[in-house]
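Undergrad: Going by full-length UniProt numbering, the residue at position 119 of the sequence shown is 119; the numbering climbs one at a time, nothing skipped. Quick one: the structure is below, questions incoming.
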Amino acid sequence: MTAEELKSGHIFLLDKPLDWTSFQAVNKMKYKLKREFDLPKKFKIGHAGTLDPRATGLLIVCCGKFTKKIPEIQDAPKEYWTEIKIGVQTESYDTEKPEILHQDISNITEDQVKEVLEKFVGEIEQKPPVYSAIKIDGERAYNLARAGEEVEMKSRKTTIHYLKDITIDFPLISFTVGCSKGTYIRSLAHDIGQELGVGAYLTQLRRTKIGDYKIEDATDQFLSNDFRFLES
Numbered sequence: 001m002t003a004e005e006l007k008s009g010h011i012f013l014l015d016k017p018l019d020w021t022s023f024q025a026v027n028k029m030k031y032k033l034k035r036e037f038d039l040p041k042k043f044k045i046g047h048a049g050t051l052d053p054r055a056t057g058l059l060i061v062c063c064g065k066f067t068k069k070i071p072e073i074q075d076a077p078k079e080y081w082t083e084i085k086i087g088v089q090t091e092s093y094d095t096e097k098p099e100i101l102h103q104d105i106s107n108i109t110e111d112q113v114k115e116v117l118e119k120f121v122g123e124i125e126q127k128p129p130v131y132s133a134i135k136i137d138g139e140r141a142y143n144l145a146r147a148g149e150e151v152e153m154k155s156r157k158t159t160i161h162y163l164k165d166i167t168i169d170f171p172l173i174s175f176t177v178g179c180s181k182g183t184y185i186r187s188l189a190h191d192i193g194q195e196l197g198v199g200a201y202l203t204q205l206r207r208t209k210i211g212d213y214k215i216e217d218a219t220d221q222f223l224s225n226d227f228r229f230l231e232s
């Protein structure tokens, strides 16, 4: 790999670790590339779709002239491996916040869960989580929420293409979900819990595909302090 090749355009497939923000991952890549290839200050680099800090998996980073591909990649369908816990909720809809509102799930059956999951396949309405990066009057929703302000999120349409590989081990339910751009899996987990009448939140999330790009082809080595691009 050379500086000219990077300027012409390159796509990196990252396996984002837990508790990294997408911004942190891109910044780490940018720093390493600029240092090792003596790239100009205005070298372009960006990711094609945010992953929450509490999620892992495929993060696509485009650099050079390939940053023009970002909108196209962002529009591609996504796939995630998902685990939710029913009978309890959190304010963030994931593990960022502590558990609240515990409820008895002894009457919930596997057939009932499968029937509820089936209801979410197709075009659905969902509200993004309050703890999300969506801007409200120029401010990130999660900043407003963490400051204790009341935040009203607007519903939006999204599409769940499929739910498959369902495993039920109460109180945990896991499945693979294929969905359109803009789907919040945390909201999906919350809404499934509401439909079951016992609440739920997202315990694990791993993005496995974006369009034709797969997690099997990704690596977290690019983020390692001792990884050298010049030696790869």
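Note that CB positions come from ideal geometry on N, CA and C, so glycine has one too. Because the structure is a prediction, the values reported are computed rather than measured.
(1) In whole angstroms, what is the alpha-carbon distance linking K97 and G178?
(2) Closest by CA to T195, which one among F175, Q126 and I215?
(3) Evaluate residue 233 with the Cβ neighbour count: other Cβ atoms within 10 Å of its Cβ, from every protein chain shown; 16 or more gives buried, anything less gives exposed.
(4) So which of W81, E115, A200 and R54 has the shortest CA-CA distance to F175?
(5) Keeping to the same chain, check which residues put their C-beta closer than 6 Å to that of T183; ignore five residues upstream and five downstream.
(6) On the DSSP letters alone, give me the boundaries of the alpha helix (DSSP H) that L196 sits inside.
(7) According to DSSP, D169 sits in a beta bridge with which residue or residues?
(8) Which complete beta strand (DSSP E) runs does the stretch 103 to 166 hold, if anything under 3 residues is left out?
(9) Compare the C-alpha of I166 against each of E83, F66, L39 and F23 and name the closest.
(10) Taking the alpha carbon of I215 as the reference point, which residue from W20, M29, E118 and L58 has its own alpha carbon closest?
(11) Relative to the C-alpha of H47, which residue among L163, P71 and K209 is closest?
(12) Give every residue of the same chain whose Cβ lies closer than 8 Å to the Cβ of L39, excluding the five residues on either side of it in the sequence, and list them in chain order.
TA: Per the coordinate set shown:
(1) Here residue 97 corresponds to residue number 97 of the sequence shown, with the count starting at 1. Here residue 178 corresponds to residue number 178 of the sequence shown, with the count starting at 1. Taking the straight line from one Cα to the other gives about 26 Å.
(2) For the purposes of this step, residue 195 is identified with residue 195 of the sequence shown, where counting begins at 1. Reading the sequence as shown, one finds Glu at residue 195 and not Thr. The option with the nearest alpha carbon to E195 is Q126.
(3) In this structure the chain extends from 1 to 232, so residue 233 is not present and cannot be described.
(4) What you label residue 175 is simply residue 175 of the sequence shown in a count that begins at 1. Of W81, E115, A200 and R54, the residue nearest in Cα terms is W81.
(5) Position 183 of the sequence shown, counted from the first residue, corresponds to residue 183. Correct list, in chain order: T158.
(6) Here residue 196 corresponds to residue number 196 of the sequence shown, with the count starting at 1. Going by DSSP, L196 is part of the alpha helix (DSSP H) stretching over I185 to L196.
(7) Start at 1 with the first residue of the sequence shown, and residue 169 comes out as number 169. Answer is L172.
(8) 122 to 126
(9) Locating residue 166 in the sequence shown gives position 166, where the first residue counts as 1. Among E83, F66, L39 and F23, the Cα nearest to that of I166 is on E83.
(10) Working through the sequence shown from its first residue, we reach residue 215 at position 215. It is L58.
(11) Your numbering for residue 47 matches position 47 in the sequence shown. That would be P71, whose Cα lies nearest to the Cα of H47.
(12) As a working note, residue 39 is residue 39 in the sequence shown. Cβ neighbours of L39 beyond the five flanking positions: A3, L6, K7 and L33.
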